[in-house]
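Q: Before I ask anything, here is the structure I am working with.
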């Protein structure tokens, strides 16, 4: 998923962590990873599979515009 | 999306039979005693891998530092393979340096980078840490992502649309993106 790391270079606000799912089964379970690639943004917006740049950006904006419910 | 380069890693490292793909053992297997130990001469990258990556690295402009976190007791075998792979990649360009750290001993550095798993790789630019991390050995498709991240950190030119770039400039909060991936 190259978009994440390119966004990280484009903005100081963005960080990108790529996780090898089979080497980190606990982390994968915690994030309910059923298929890959799976993207989780700010621990609240998530999707599976490759998406167009526009949709990826939409998910990023969704993650920051609606604060996490407390 | 603009093409990140003329060479398609997707095809090269798709894990198909006959494709060049860094071969690593999967799973947290017990370390097997080896005569070579840390200096094991067996290389992970094939000559074909090296040639392809070297070509990709012709685009590098600024220096890139790969900071590796290992911890022998947690995942010794995986960490050693990861260190070997990173060193082999770094050998392919004089613009890339490597620093190997220990998650347990170099706690302050780990905290500064926000790294809490091993094996981990931080892809850091000469002037800035852009927050790019890899957990686990980047093989297969992830290997192409590692190479791509080195290029984009070095050039500082993300392959994103104007629309995306301008939206990112207005971000009012931090964004943490986790990408779960697999080797092939």
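Protein chains in written order, with this note's numbering: chain A, 305 to 374; chain B, 129 to 312.
From the three backbone atoms N, C-alpha and C, an ideal C-beta is built for every residue, glycine too.
Rounding to the nearest angstrom, what Cα-Cα distance links residue 221(B) and residue 209(B) in this structure?
A: Taking the straight line joining both Cα atoms gives about 20 Å.
Q: For residue 90(B), collect the residues of the same chain with a Cβ closer than 6 Å to its Cβ; drop the 5 residues on either side in sequence, then sort them by chain order.
A: Because chain B spans 129 through 312 in this model, residue 90(B) falls outside it and cannot be assessed.
Q: Kindly indicate which residue of 211(B), 286(B), 182(B), 175(B) has the alpha-carbon position closest to the one of residue 250(B).
A: For residue 250(B), the nearest C-alpha among the options comes from 211(B).
Q: Does chain A have any CB closer than 8 Å to the CB of residue 265(B)?
A: Closer than 8 Å: yes.
Q: Please tell me whether residue 171(B) has its Cβ less than 8 Å away from any Cβ of chain A.
A: Answer no: the Cβ-Cβ gap between residue 171(B) and chain A never drops below 8 Å.
Q: Thinking residue 306(B) and residue 355(A) are a contact (beta carbons under 8 Å), I'd like their distance in whole angstroms, please.
A: Actually they do not touch by this definition, with Cβ atoms about 15 Å apart.
Q: CB-CB under 7 Å to residue 258(B), same chain, minus the five flanking residues each way: which ones, in chain order?
A: The answer, listed in chain order, is 281.
Q: Do residue 361(A) and residue 292(B) have their C-beta atoms closer together than 8 Å?
A: A contact, by the Cβ cut-off of 8 Å.
Q: Measuring alpha carbon to alpha carbon, tell me which residue in 348(A), 311(A), 306(A) is nearest residue 290(B).
A: Considering only alpha carbons, the answer is 311(A).
Q: Under 8 Å by Cβ, that's how I've got residue 279(B) and residue 368(A) pegged, so tell me the actual separation to the nearest angstrom.
A: The pair is not a contact, with the Cβ atoms about 27 Å apart (cut-off 8 Å).
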